[in-house]
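*Asks:*
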Amino acid sequence: MLLDLNPQEFVITIINLIVLYILLRVLFFKPVSNFLEQRREKVHADLDNARRDREEAQRLLEEHRQLVADNKAEAAKIIDQAVRQAEGRKDEIIAEASQEAQALLQRAKTEIAQERAKVLQELRADISGLSVAIVEKTLARTLTPQDQQAFFDAVLKEMDSYAN
Amino acid sequence: MIGSLEQVLEGPKTVFTVFGLPITESVVNTWIVMAVLVVLALIFRRNLKLYPDKKQNIAEIIVEALDGLVTSTMGARNKNFMPFIGTVFLLIAFSNILGIFGLRPPTADFSVTFAYGVVTFCCIHFFALKAKGWSYIKGFGQPFIFLLPINIIGEVAKPFSLGMRLFGNLLGGSVIMAMISGAIALFVPAVASIYFDLFSGFLQSFIFIMLTMVFIKIAKDDDD
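Note that the protein sequences, when read in sequence, are chains A and B.
Its first residue numbered 1, the first sequence is counted upward by one per residue in our numbering.
Its first residue numbered 1001, the second sequence is counted upward by one per residue in our numbering.
#1: Are the CB atoms of B:G1163 and B:F1110 within a distance shorter than 8 angstroms?
#2: I need the DSSP call for A:L156, collapsed to helix, strand or coil.
#3: Taking the alpha-carbon positions, what's the B:L1147 to B:F1084 distance?
#4: Is B:A1108 closer than 8 angstroms to B:L1037 when the C-beta atoms are compared?
#5: Judging by CA-CA distance, which residue of B:I1145, B:R1077, B:K1132 and B:P1189 is the nearest neighbour of B:M1213?
#6: Can you pull the chain A neighbours of B:G1201, defined as C-beta to C-beta under 9 angstroms?
#7: By alpha-carbon positions, which one of B:F1199, B:L1186, B:F1187 and B:M1210 ends up nearest to B:L1069?
#8: Any beta-carbon of chain B closer than 8 angstroms to the one on A:R39?
#9: Checking the sheet assignment: what are the DSSP bridge partners for B:F1016?
#10: Along chain B, in chain order, which residues have C-beta atoms closer than 7 angstroms to that of A:L8?
#11: Mind listing which residues of the segment 38-61 of chain A have their C-beta closer than 8 angstroms to chain B's C-betas, in chain order?
#12: B:I1216 and B:F1081 look like a contact to me (Cβ under 8 angstroms); what is the Cβ gap, rounded to whole Å?
#13: Determine, using beta carbons only, whether A:K77 comes closer than 8 angstroms to chain B.
#14: If the cut is a Cβ gap below 8 angstroms, which residues of chain A does B:M1034 touch?
#15: Going by beta-carbon coordinates alone, are B:G1099 and B:M1177 separated by less than 8 angstroms?
#16: Comparing C-alpha positions only, which one of B:F1127, B:A1093, B:S1174 and B:I1124 sits nearest to B:L1203?
#17: I need the boundaries of the alpha helix (DSSP H) containing B:D1067, first residue and last residue.
#18: Tell me the rounded alpha-carbon separation between B:L1048 and B:E1060.
#19: Tell me whether B:W1011 is buried or exposed, calling it buried when 16 or more other Cβ atoms sit within 10 Å of its Cβ.
#20: Within 10 angstroms of the Cβ of B:M1001, are there 16 or more other Cβ atoms? Answer buried if so, exposed if not.
#21: Assign A:E9 to one of two classes, buried (16 or more other C-beta atoms within 10 Å of its C-beta) or exposed (fewer than that).
#22: Nearest CA to the CA of B:L1021: which residue from A:V26, A:I12, A:L17 and A:I22?
#23: Does A:K30 get closer than 8 angstroms to chain B when you measure Cβ to Cβ?
#24: Hey, does B:P1159 have any beta-carbon neighbour from chain A nearer than 8 angstroms?
#25: Within 10 angstroms of its Cβ, does A:L24 collect 16 or more other Cβ (buried), or is it exposed?
#26: Could you name the residues of the same chain whose beta carbon sits closer than 6 angstroms to that of B:F1016, not counting the 5 residues immediately before and after it, in chain order?
#27: For the alpha helix (DSSP H) containing B:F1196, list its first residue and its last residue.
#28: So, is B:D1224 buried or exposed, given that buried needs 16 or more other C-beta atoms within 10 angstroms?
#29: Nearest to B:P1159 by alpha carbon, out of B:L1040, B:S1095 and B:V1118?
#30: Would you mind stating whether A:F28 and B:A1041 have Cβ atoms separated by less than 8 angstroms?
#31: Hey, is A:L67's beta-carbon within less than 8 angstroms of any beta-carbon in chain B?
#32: Can you find at least 3 beta carbon pairs, one from the segment 123-137 of chain A and one from the segment 146-156 of chain A, that sit closer than 8 angstroms?
#33: Determine the direct distance from the alpha carbon of B:A1192 to that of B:N1151, and round the result to whole angstroms.
#34: Do B:S1174 and B:P1106 have their CB atoms nearer than 8 angstroms?
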């Protein structure tokens, strides 16, 4: 009795199982599975995004560091160059100035020498005339050319010794 | 608790008749289980959120546990069996624990359990034929052609063994529960019910789906 197979029940049970399968699949398993799958994907995507953002931030930071370092190096180079340029210019100016000074000094010396020579020349002419006149007055006579020559020589020698 | 020992051994009663078709207790109780499952499914499925609440956690645990079980037993490529395996599990498990509510478990009826076994049988061979084609039929003659009858008997025995196991366990549980209830009416039946209705019920449905999964997997994917 208990092991008798009831055909109607058998068939209805199979139909029940199929109907319940379709219902649960449509109403429960598929939606929940899909939802879980979507959430898993979302979590993956979010984690991926976070990782990408972090890498991007890291990269930017690295880039900025590099940039700052580059700028520092550049600035140092510019300052260095400026200093070197200034130094060069300084030397140039000093050299020019000293050259100019040298030239000026030279010219002054030359002028002084010329002036002195001229003055000496004039003095020599004046003195010779004057001394002849003085001597003639003193002696009350005209000097012979020989006397004059001897006298001039003596005076000029003396004068030269003063001039030098 | 399901009435007296005589009632249990007498088999399921016919509750009513539709167009001359007798509708038995087992069928009506199966419908009750189905209705409960569908209502629960609707409740648990409703408004799934990114941050789950308690209700959604339960739904997720059920689906993920079944998913994990199917994936670990049948492999990731047979994940699509999850809704079917899950349905069979929930249906048999809820049918089995019906004894707690004083209803006759539909699974204590051989016509019902055999029907489940036959569905499994059909699944085994349908999916195996779909996956392997002609070579699956040739497989019955392996390793020698003389083993063909033995192999066929082995296959045909599967729905019987599945059905008998479930039926026997449930009927046995019901009989023992009826006997205990008849002997001692107080306290003891409640404790025994935890084992025979709850534990044994879940265990038997678990065994049923495990065997179903293993049979389908072996027939479908094993290359021999």
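Here a beta-carbon is modelled for each residue, glycine too, at the ideal position from N, C-alpha and C.
*Replies:* Here's the rundown:
#1: In the second sequence, counting from the first residue as 1, residue 1110 of chain B sits at position 110. In the second sequence, counting from the first residue as 1, residue 1163 of chain B sits at position 163. Yes, these two residues count as a Cβ contact at 8 angstroms.
#2: As a first step, residue 156 of chain A is located in the first sequence; it is residue number 156 there, counting from the start. In the structure shown, A:L156 sits in a helix (DSSP, three-state: H, G or I).
#3: Numbered from its first residue, the second sequence carries residue 1147 of chain B at position 147. Numbered from its first residue, the second sequence carries residue 1084 of chain B at position 84. Approximately 32 angstroms, taken between the alpha carbons.
#4: The residue given as residue 1037 of chain B occupies position 37 in the second sequence. The residue given as residue 1108 of chain B occupies position 108 in the second sequence. No; because the gap between Cβ atoms is not below 8 angstroms, this pair is not in contact.
#5: Within the second sequence, the letter at position 213 stands for residue 1213 of chain B. Residue B:R1077 is the option with its Cα nearest to B:M1213.
#6: If you number the second sequence from 1, residue 1201 of chain B lands on position 201. In chain order: nothing, as chain A lies at least about 17 angstroms away.
#7: Start at 1 with the first residue of the second sequence, and residue 1069 of chain B comes out as number 69. Nearest of B:F1199, B:L1186, B:F1187 and B:M1210 to B:L1069, Cα basis: B:M1210.
#8: Indexing the first sequence from 1 puts residue 39 of chain A at position 39. Answer yes: the Cβ-Cβ gap between A:R39 and chain B drops below 8 angstroms somewhere.
#9: Along the second sequence, read from residue 1 onward, the residue named residue 1016 of chain B stands at position 16. Residue pairing by DSSP places B:F1016 opposite B:I1023 in a beta bridge.
#10: Your numbering for residue 8 of chain A matches position 8 in the first sequence. Before going further, note that residue 8 of chain A is Gln rather than Leu in the sequence given. Ordered by position in chain B, the residues that pass the 7 angstroms Cβ test against A:Q8 are L1021 and P1022.
#11: Residues R39 and K42.
#12: In the second sequence, residue 1216 of chain B corresponds to position 216, counting from 1. In the second sequence, residue 1081 of chain B corresponds to position 81, counting from 1. Going by Cβ atoms, the distance from B:I1216 to B:F1081 rounds to 7 angstroms, so yes, they are a contact pair.
#13: For the purposes of this step, residue 77 of chain A is taken as residue 77 along the first sequence, with counting starting at 1. At least 8 angstroms separates the CB of A:K77 from every CB of chain B.
#14: Looking up residue 1034 of chain B in the second sequence gives position 34. Within chain A, the residues near B:M1034 are N16, V19, L20 and L23.
#15: Translated into positions along the second sequence, residue 1099 of chain B becomes position 99. Translated into positions along the second sequence, residue 1177 of chain B becomes position 177. Contact flag set, yes.
#16: Within the second sequence, residue 1203 of chain B is the residue found at index 203, counting from 1. Minimum Cα distance to B:L1203 is reached at B:A1093.
#17: Position 67 of the second sequence holds residue 1067 of chain B. First-last of the alpha helix (DSSP H) with B:D1067: K1054 to M1074.
#18: For this step, residue 1048 of chain B is matched to residue 48 along the second sequence. For this step, residue 1060 of chain B is matched to residue 60 along the second sequence. So the two alpha carbons sit approximately 10 angstroms from each other.
#19: Residue mapping note: residue 1011 of chain B aligns to position 11 of the second sequence, counting from 1. Here the sequence assigns Gly to residue 1011 of chain B, which means Trp is not the residue at that position. It counts as buried.
#20: Mapped onto the second sequence, residue 1001 of chain B falls at position 1. Since pLDDT at B:M1001 reaches only 42, below the 50 mark, its modelled position is unreliable, and the value read off the structure follows with that caveat. Label assigned to B:M1001: buried.
#21: Numbered from 1 along the first sequence, position 9 holds the residue referred to as residue 9 of chain A. Classification of A:E9: buried, given that the 10 Å Cβ count is 16 or more.
#22: One-based indexing of the second sequence puts residue 1021 of chain B at position 21. Ranking A:V26, A:I12, A:L17 and A:I22 by Cα distance to B:L1021 puts A:I12 first.
#23: Within the first sequence, the letter at position 30 stands for residue 30 of chain A. Output row for A:K30: interface = yes.
#24: For the purposes of this step, residue 1159 of chain B is taken as residue 159 along the second sequence, with counting starting at 1. Answer no: the Cβ-Cβ gap between B:P1159 and chain A never drops below 8 angstroms.
#25: By one-based count along the first sequence, residue 24 of chain A stands at place 24. The residue in question, A:L24, is buried, as its Cβ has 16 or more Cβ neighbours within 10 Å.
#26: Position 16 of the second sequence, counting from 1, holds the residue named residue 1016 of chain B. Excluding positions up to five away in sequence, the list reads I1023.
#27: As a first step, residue 1196 of chain B must be located in the second sequence, where it is residue number 196. Here B:F1196 belongs to no alpha helix (DSSP H), and DSSP marks it neither H nor E.
#28: What you label residue 1224 of chain B is simply residue 224 of the second sequence in a count that begins at 1. The pLDDT assigned to B:D1224 is 49, lower than 50, so where the model puts this residue is not dependable, and the model offers no usable value.
#29: In the second sequence, the residue the question calls residue 1159 of chain B occupies position 159. Taking each of B:L1040, B:S1095 and B:V1118 in turn and checking the Cα distance to B:P1159, the smallest one comes out for B:V1118.
#30: Taking the first residue of the first sequence as 1, we reach residue 28 of chain A at position 28. Taking the first residue of the second sequence as 1, we reach residue 1041 of chain B at position 41. It is a contact, given that the beta carbons lie within the stated cut-off.
#31: Within the first sequence, numbered from 1, the residue matching residue 67 of chain A stands at position 67. No - not a single Cβ of chain B is within 8 angstroms of the one on A:L67.
#32: yes
#33: Here the question's residue 1151 of chain B lines up with position 151 in the second sequence. Here the question's residue 1192 of chain B lines up with position 192 in the second sequence. Here the alpha carbon of B:N1151 sits roughly 40 angstroms from the alpha carbon of B:A1192.
#34: As a working mapping, residue 1174 of chain B is identified with position 174 in the second sequence. As a working mapping, residue 1106 of chain B is identified with position 106 in the second sequence. Their beta carbons are not under 8 angstroms apart, which means B:S1174 does not touch B:P1106 by this criterion.
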